[in-house]
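Per my numbering, the sequence shown starts with residue 3, numbered consecutively. Just so it is clear, CB atoms sit at the ideal spot from N, CA and C, and this is done for glycine as well.
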Amino acid sequence: MPTPTIGVFDSGFGGLTVLRALLPLIPGAHYIYLGDTARLPYGSKSRETIVRYALSSARFLADQGADLLVIACNTATALALDDIKSNLPIPVIGVIQPGAEAAALSTSKTPAILTLSEQRESKRKNPRISPMAPPRPKGSHVLVLATTATTQSHAYTQALTALGLRATEKACPLLVPLVEEGWIDHPINAAVTLEVLRIYLLEALAEAPDATTLLLGCTHYPLLKPLIETTLRNLHHPMRIIDSAEATAQTVAAHIHTNTTNTPPITINEPAITTPPTCDFYATDSIEKFQRLGSNFLGQPLNKVHLIDLGG
């Protein structure tokens, strides 16, 4: 696989954050991105519908010559990963396991047990915790923000629990529409999004007051990271923020370089500078809207956008 063709799909624009992270890691690759914008959002659909949509998107990319498929959608990964793997003859990588592993790596960088003074401070802030309770591992509780379908699947809880972490999943159904409609840049619009984030985070932290790691369980959410950081500061609850898009890009890069001879490993901190990547984009709805909104997610103009029909 000297020059890999990497297929990436999402229900819309969020998967472009995964592509954005991939470009500096594997710059010599050819990328095919599919945004199933006619059928978004996947997050509010039934499992059967999500599997059907995801399979049609995956098959399209395989037919276009993809050597490897990236499901750049948390909802599709949670509900359709196994179905896609069993129906395609190429490697398939989702976003949930890489995100969970990145969270585990992040939490391992903190001391294993709360100190006595930290336990007292935790008790002062959280009086409902029994003073006789055994000390908990510091940093082992991960708060996951995701779509309703992803949280209902409990895919992140399963992945994080398998890695020895505790997880609290919070459904945030309004965030994807707010990002898709661009309510993150203009001060007035951003104020609305900040209030929505404040409510979601207050509710989530009431359930998980000891969580120290926040995992962005939707590929739309990296665009909200500055607003999330602002909200956490205002709530006086600092947290490490894990971007599953970046973690997925690292996993894809590791797979490509492991299966490509004479290719040194590449990390996000050491981007390769070789042949510029080439990208073809496909959308199932308005090309103009895809180019306009997609450029915000990718961080650069979108060229070569083709309109396709995947059916119902």
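Contacts around residue i, its chain only, beta-carbon distance under 6 Å, and the 5 residues preceding and following it disregarded
| i | result |
| --- | --- |
| ALA213 | HIS143, LEU145 |
| THR170 | LEU145, GLU209, ALA210 |
| ALA105 | VAL144, THR215, LEU217, ILE244 |
| PRO100 | ALA249, THR250, THR253 |
| CYS321 | Outside the modelled stretch of the chain, which goes from 3 to 314, sits residue 321, for which no answer is possible. |
| GLY45 | THR77, THR149, THR150, ALA151 |
| ILE289 | VAL307, LEU309 |
| ALA206 | LEU145, LYS172 |
| CYS220 | ASN76, ALA148, THR149 |
| THR19 | THR221, PRO224, ALA247, PHE299 |
| ASN305 | none |
| LEU180 | THR195 |
| VAL2 | Limits of the chain in this structure are 3 at one end and 314 at the other, which puts residue 2 out of reach. |
| TYR284 | LEU36, HIS308, ILE310 |
| THR280 | HIS32 |
Residue range of the unbroken beta strand (DSSP E) whose run includes residue i
| i | result |
| --- | --- |
| VAL72 | 70–73 |
| LYS172 | 168–173 |
| ALA148 | 143–148 |
| VAL10 | 7–12 |
| ALA210 | Taken as a continuous stretch (DSSP letters only), ALA210 belongs to no beta strand (DSSP E), as it is neither H nor E. |
Sheet register partners of residue i (DSSP bridge)
| i | result |
| --- | --- |
| ASP187 | Answer is none; ASP187 lacks a bridge partner. |
| ARG41 | Answer is none; ARG41 lacks a bridge partner. |
| ARG242 | THR215 |
| CYS281 | TYR33 |
| HIS308 | TYR284 |
| VAL94 | LEU71 |
Residue i, buried or exposed, once every other Cβ within 10 Å from all chains shown has been counted against 16
| i | result |
| --- | --- |
| GLY67 | exposed |
| ASP245 | buried |
| HIS222 | buried |
| GLU182 | buried |
| THR233 | buried |
| SER48 | exposed |
| ALA102 | buried |
| PRO224 | buried |
| GLY313 | exposed |
| LEU204 | exposed |
| THR153 | buried |
| ALA31 | buried |
| LEU295 | buried |
| THR286 | buried |
| GLY16 | buried |
| ALA164 | exposed |
Cβ shell of residue i (< 8 Å), same chain only, five flanking positions each side left out
| i | result |
| --- | --- |
| TRP185 | ASN191, ALA192, VAL194, THR195 |
| ARG200 | THR233, ASN236, LEU237 |
| ARG22 | ALA247, PHE299, LEU300, GLY301 |
| ILE52 | TYR44, THR77, ALA78, LEU81, ALA82, ALA151 |
| SER13 | GLY37, ASP38, THR39, ARG41, LEU42, PRO43, TYR44, GLY45, TYR55, CYS75, THR77, ALA78 |
| HIS156 | GLU171 |
| PRO303 | GLN293, SER297 |
| HIS257 | LEU70, PRO93, ILE95 |
Contact set for residue i: own chain, Cβ-Cβ below 7 Å, skip 5 residues either direction
| i | result |
| --- | --- |
| ASN89 | LEU57 |
| LEU63 | GLY9, PHE11, ILE34, LEU36, LEU71 |
| THR159 | ALA169, GLU171 |
| SER108 | THR215, ARG242, ILE244 |
| PRO240 | LEU234 |
| LEU162 | ALA102, ALA105, VAL144, ALA169 |
| GLY96 | ILE73, THR79, LEU83 |
| LEU176 | VAL198 |
| LEU229 | ILE186, ALA192, THR195, LEU196, LEU199 |
Segment limits, alpha helix (DSSP H) that includes residue i
| i | result |
| --- | --- |
| ASP84 | 76–89 |
| ALA31 | From DSSP, ALA31 is part of no alpha helix (DSSP H); its letter is neither H nor E. |
| VAL20 | 18–24 |
| THR232 | 227–236 |
| ASP287 | Per DSSP, ASP287 belongs to no alpha helix (DSSP H) and is neither H nor E. |
| LEU57 | 49–65 |
| LEU162 | 157–164 |
| PRO179 | 177–182 |
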